[in-house]
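Enquirer:
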Amino acid sequence: MNKVVFATTLLMLSGFSQAQSCENTFQSVGDPRNGLFFSGQVKVPGLTPQSALGQMQQIALDSGYKVGGELIRGGAGELYFIQDSNNPAVVMLATADKSGRVSISTKLARGQKTEAAAVRTEFCSLLGKLKTGKEGEAIATAAREKTGVNRVTDAKAEKLSAEIGKVVKKALAPVAAKGQLSRALIGTGVSATSGEYEEAFVSVRAQYIGRQYRVDGQIYTVGGSPLHGDMEVNYLVTQTRGLLGVRQETQFNSLNYQIKCALAKDQAKFFLTLSEGNFATLIGTVTDMQPGGLVLSDCRQAN
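All residue numbers for the sequence shown refer to the numbering used here, where the first residue is 105 and numbers rise by one.
(1) Could you check which residue in P192, S358, A259 and A220 has the C-alpha nearest to that of G144?
(2) Just verifying my parser: in three-state terms, what is the DSSP assignment at L359?
(3) Using CA atoms only, rank isn't needed, just tell me which of G215, S207 and G181 is closest to N128.
(4) Who are the near neighbours of F383 in its chain, counting only those whose CB is closer than 8 Å to its CB and skipping five residues on each side?
(5) Going by DSSP, which residues form a beta bridge with E174?
(6) Looking only at its own chain, which residues have a Cβ that is under 8 Å from the Cβ of E380, when we skip the five neighbours before and after it?
(7) Which residues in the same chain have their Cβ closer than 6 Å to the Cβ of E303, if we skip the five residues on either side of it in sequence?
(8) Using three-state DSSP, classify R248 as helix, strand or coil.
(9) Using a Cβ distance threshold of 8 Å, determine whether the segment 238-249 contacts the segment 146-163, with at least three qualifying pairs required.
(10) Would you report the Cα separation of G150 and G314, rounded to the nearest angstrom?
(11) Just the Cα atoms here: how many angstroms apart are G396 and A180?
(12) Could you spell out the range, first to last residue, of the beta strand (DSSP E) harbouring K233?
(13) Report the partner residues of E302 according to the DSSP bridge assignment.
(14) Between the beta-carbon of A310 and the beta-carbon of V195, is there less than 8 Å?
(15) Using a Cβ-Cβ cutoff of less than 8 Å, which residues in the same chain neighbour R318 once the five nearest sequence positions on both sides are dropped?
(16) Who are the near neighbours of Q162 in its chain, counting only those whose CB is closer than 6 Å to its CB and skipping five residues on each side?
(17) Counting C-beta neighbours from all protein chains within 10 Å, is the total for A123 16 or more, i.e. buried, or is it exposed?
(18) Quick check on the DSSP output: the beta strand (DSSP E) that includes I208 runs from which residue to which?
(19) List the whole-angstrom C-beta distance separating K369 from N338, where the pair is believed to meet the contact cut-off of C-beta under 8 Å.
(20) Is there a C-beta anywhere in chain E that falls below 8 Å from the one on A193?
(21) Starting from the C-beta of D392, find all residues in its chain whose C-beta is less than 6 Å away, skip the five residues before and the five after it, and write them out in chain order.
(22) Counting only the same chain and skipping the five closest in sequence on each side, list residues whose C-beta sits under 7 Å from that of F375.
(23) Starting from the N-terminal side, write out each stretch of the alpha helix (DSSP H) that is 4 residues or longer and does not extend beyond the segment 367-402.
(24) Mind checking V308: buried by the 16 CB within 10 Å criterion, or exposed?
(25) Under 8 Å, do S125 and K107 count as touching if we go by C-beta distance?
(26) Just verifying my parser: in three-state terms, what is the DSSP assignment at Y317?
(27) Starting from Q162, follow the beta strand (DSSP E) in both directions and report where the run begins and ends.
(28) Give every residue of the same chain whose Cβ lies closer than 7 Å to the Cβ of V350, excluding the five residues on either side of it in the sequence, and list them in chain order.
(29) Let me confirm a value: L140 is counted as buried when at least 16 other C-beta atoms fall within 10 Å, else exposed. Which label applies?
(30) Hey, V390 and Y361: beta-carbon distance below 8 Å or not?
(31) Taking 7 Å as the cut-off, is the CB of Q161 close to at least one heavy atom of the ligand GDP?
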């Protein structure tokens, strides 16, 4: 049995009313054999998503978690933080909206067990440390400087593909290998389910969602139309091989981790100048990530 242990702390008096609200809203849902889903929330009037999620970064660090990605769009946002002492890692999702509602949730993997009371205490402790006003905003600003979640990373498309592809392959290796030996020996064996692949991949997604990249590279395909509001660029991410650095032929692009950019609506004129084989440098934010590739949204031509 893979028992998950949460390092709980005593609730701060300043967060008592928030913690009481969390106690009332806490939920434990599902069949323990499948891995339970836990959630808790508070409502703090006047607390913005920017302040709430910035503070949660510091709170998570102080509580021994690894801070993942942050994504704020349209008056609401989400932040991932990770307890990687477990295998698979336990991924927490904090969400916040403009009404001051802040929640934390997590879904355990199959075989992971913990007491609901311990999770409730942990969630309410974390949420109980949120501050309003200038004090909270100062904590949030300092935390973002420390974690660098808003930093723009320069990357070559093919190198970014190779880097993330290795991370994904490593994370999925245990489930990909499930039943492999028995299938080789006797021609049959149990393969990993889609749910097991998702459980193995969730911590990878948590690390990259919300990251901002300035991607430079050659275009493999251009799709969509400004008239329909969907303009997408798929980068050429074939890799170089061997001592002479010979690059894979373009038809093997799909064998590599895909890097796609969905352009912002105000980039219509720029989009019309692009075609397959052109070069482009785009800045965007990771908003979707799957085992085969990621999508950067609101992409714009880099100056």
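Each residue gets a CB set at the ideal place from its N, CA and C atoms; glycine is no exception.
Expert: Reading from the atomic positions:
(1) A220
(2) helix
(3) S207
(4) D320, G321, Q322 and I323
(5) L183
(6) I323, Y324, T325 and V326
(7) P192 and A213
(8) helix
(9) yes
(10) 24 Å
(11) 27 Å
(12) Where K233 is concerned, there is no enclosing beta strand (DSSP E), given that its DSSP letter is neither H nor E.
(13) Beta-bridge pairing links E302 to no other residue.
(14) Yes, Cβ-Cβ distance for A310 and V195 is below 8 Å.
(15) V256, T257, D258, A259, T385, L386, I387 and A406
(16) Excluding residues within five positions, the ones whose Cβ falls inside 6 Å are I243 and A247.
(17) Because A123 carries a pLDDT of 45, less than 50, the predicted location of this residue cannot be relied on, and no value is offered for it.
(18) Here the beta strand (DSSP E) through I208 covers R205 to K211.
(19) Not really, about 19 Å apart at Cβ, beyond 8 Å.
(20) Annotation note: the requested chain E is absent from the structure, which comprises a single protein chain.
(21) V399
(22) P330, M335 and L367
(23) Runs of the alpha helix (DSSP H) inside the segment 367-402: 372-375.
(24) buried
(25) It is not a contact, given that the beta carbons lie outside the stated cut-off.
(26) strand
(27) Taken as a continuous stretch (DSSP letters only), Q162 belongs to no beta strand (DSSP E), being part of the alpha helix (DSSP H) at P153 to D166.
(28) T344
(29) buried
(30) No.
(31) The model depicted lacks the ligand GDP and carries no ligand whatsoever.
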